[in-house]
Every structure is written in structure tokens, then in C-alpha cells.
Amino acid sequence: MELAEQEIPLGEVTLRRFRGETDLPEFFRVIEESLEHLRPFMPWVAEHSLAKTTEFLAERPELWESGKDFTYAILLDGAIVGACGLFRRDDTPENGREIGYWLHPAATGRGIATRTAGALTEQAFRLPGVDFVEIVHDPANHASAAVPARLGFTEHRRRPAEALAPAETGEELVWRLDRS
1068 MELAEQEIPL GEVTLRRFRG ETDLPEFFRV IEESLEHLRP FMPWVAEHSL AKTTEFLAER
1128 PELWESGKDF TYAILLDGAI VGACGLFRRD DTPENGREIG YWLHPAATGR GIATRTAGAL
1188 TEQAFRLPGV DFVEIVHDPA NHASAAVPAR LGFTEHRRRP AEALAPAETG EELVWRLDRS
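Sequential numbering from 1068 applies to the sequence shown in this note's numbering.
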């Protein structure tokens, strides 16, 4: 199976495969500093802990090697400022992938999420058999909506979703970009 690149340089931004326990202290600190920023739309924040972050990082190698989930640390000038992933959910067709991302609040407003999602889209279309990429978010999350719109994704559909985070509306907006 062909896998995604382990490191993707994007100027002062780099996407780098997580390095397990090596990244734990810095990654945990970045999450801690971002909790209030992430809380409105990220349900996992409610269960955030050192143990959960340790478990998250420990699961990454197996998911990477299986080709199911390529998760990266987002680095700005060498420091972790967020995370992103290219993955396939259990209910996603084999020929599709989804992109997710989040940033430390100090790293927002610089186009980092857009560059990140663009690079992950390119990675997705390099994988064999991938015909489309989706970005899914709550319609109330306007910052997340700006990213796929800038990259040429189109609104594909809206679907009901359980509202698990405080600002979620009970709906998901699915953006899609098809291989050209």
C-alpha cells in the first residue's frame, strides 16, 4: 500500500508525522493552551487529559501503517501549532478521504489551515483509488467553512449530526472536491 508523505514542507509551515512520546509534552501544552478556542466545535475537548493525548499519539503509528489515518503535527517555524489528518471513516467509501484540522489560536488568521488542507488534498489524490476528498464541519463554524471554500471545494450536502460540543447545531456541512 502506498502511504502519504511523512513530512510536507510548506514554507515556514511543515506537516510532520507525529513522533509519539517525543511530541507528547509539546503537543499536550498546545492543546492545553487551545482548549477554550477549540471547545465550541471539538467534542473531544470535554474529555481532554494527558492520558487521552498519550493514547491518541500511541494509536497513530498503527493507523498510519494501515493507510486509514495519516495524522500530522502542524509546525510553524519548527514549533507545533496544531494537528491535521487525512483519513477514511468507517462509513466513507473506499474512494474517498476526509480532512480535519485545528490550530492554536495564536496561529489562526495566517492561512495555515488553508495551506494545510490544500497539501492534504494533494496527498489524498496521490493515494491509489481516491476520487474525492471531503471536509466536514458544523455550519456554525465559519472559520472552518472558509478553508474548503478557498480551495475550490463545493458544498456537497448537509446531514443531521449529534451536537456534542457547545456551539454545534446538530447538523454537518460536507464539502467535496472531486479528482479532476
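Note that the Cβ used here is the ideal one computed from N, Cα and C, for glycine as well. These numbers come from a predicted model, not from an experiment.
Rounded to whole angstroms, how far is the Cβ of residue i from the Cβ of residue j, which I believe are closer than 8 angstroms?
| i | j | result |
| --- | --- | --- |
| E1165 | R1155 | 7 angstroms |
| I1249 | I1141 | Residue 1249 lies beyond the residue range present for the chain, which begins at 1068 and ends at 1247; the question has no answer from this structure. |
| P1110 | L1231 | 4 angstroms |
| L1082 | T1181 | Not a contact, Cβ separation roughly 13 angstroms. |
| Y1139 | R1217 | About 19 angstroms; that fails the 8 angstroms criterion. |
| L1143 | A1174 | 6 angstroms |
Got a sec? Which residues, its chain only, sit under 8 angstroms from residue i by beta carbon, not counting five neighbours each side?
| i | result |
| --- | --- |
| V1197 | N1162, G1163, R1164, A1191, R1246 |
| G1219 | L1244 |
| P1128 | G1087 |
| D1090 | L1124, A1140, I1147 |
| H1223 | E1201, V1241, W1242, R1243 |
| Q1073 | R1083, R1084 |
| E1132 | L1070 |
By Cβ distance below 7 angstroms, which residues in the same chain neighbour residue i in space, the five residues on each side in sequence not counted?
| i | result |
| --- | --- |
| A1125 | G1087 |
| N1208 | F1108 |
| F1095 | L1117, T1120 |
| E1115 | A quick correction: the sequence has His, not Glu, at residue 1115. Result list for H1115: I1098, L1102, in chain order. |
| T1159 | E1165 |
| A1228 | G1237, E1238, E1239 |
Per DSSP, which residues does residue i bridge with? Please list them.
| i | result |
| --- | --- |
| L1244 | V1200 |
| T1089 | DSSP lists no partner for T1089. |
| L1105 | Per DSSP, none; premise fails for L1105. |
| L1082 | I1075, I1141 |
In its own chain, which residues sit with a C-beta less than 6 angstroms from the C-beta of residue i, not counting the 5 before and 5 after it?
| i | result |
| --- | --- |
| R1226 | E1239 |
| E1201 | E1165, V1241, R1243 |
| V1214 | A1180, T1181, A1184 |
| F1130 | In the sequence as presented, Phe is not what sits at residue 1130; that position holds Leu. Answer for L1130: D1136, listed in chain order. |
| E1205 | Rather than Glu, the amino acid found at residue 1205 in this sequence is Asp. Once the five neighbours on either side are set aside, the close Cβ partners of D1205 are F1108, E1235, T1236. |
| A1210 | none |
Check: Between the stretch 1226-1243 and the stretch 1176-1189, are three or more C-beta pairs nearer than 8 angstroms?
Finding: In the pairwise beta carbon analysis, the stretch 1226-1243 is classified as not touching the stretch 1176-1189: fewer than three pairs are separated by under 8 angstroms.
Next item on the list: With a floor of 4 residues, list each alpha helix (DSSP H) that falls wholly inside the stretch 1112-1167, ordered by position along the chain.
Entry: Whole alpha helix (DSSP H) segments, 4+ residues: 1117-1133.
Checklist line | Within the stretch 1163-1239, ranges of the alpha helix (DSSP H) (whole runs, at least 4 residues) | finding: Counting only runs of 4 or more residues that sit fully inside the stretch 1163-1239, the alpha helix (DSSP H) segments are 1179-1193, 1209-1217, in chain order.
Next item on the list: Evaluate the contact criterion for the stretch 1091-1104 versus the stretch 1167-1175: three or more CB pairs, one atom per stretch, below 8 angstroms.
Entry: For the pair of segments examined, the stretch 1091-1104 was found to touch the stretch 1167-1175: the number of CB pairs separated by less than 8 angstroms reaches three.
Check: Just checking, does the stretch 1075-1083 make contact with the stretch 1116-1125 on the three C-beta pairs under 8 angstroms criterion?
Finding: Cβ pair count under 8 angstroms is below three, so no.
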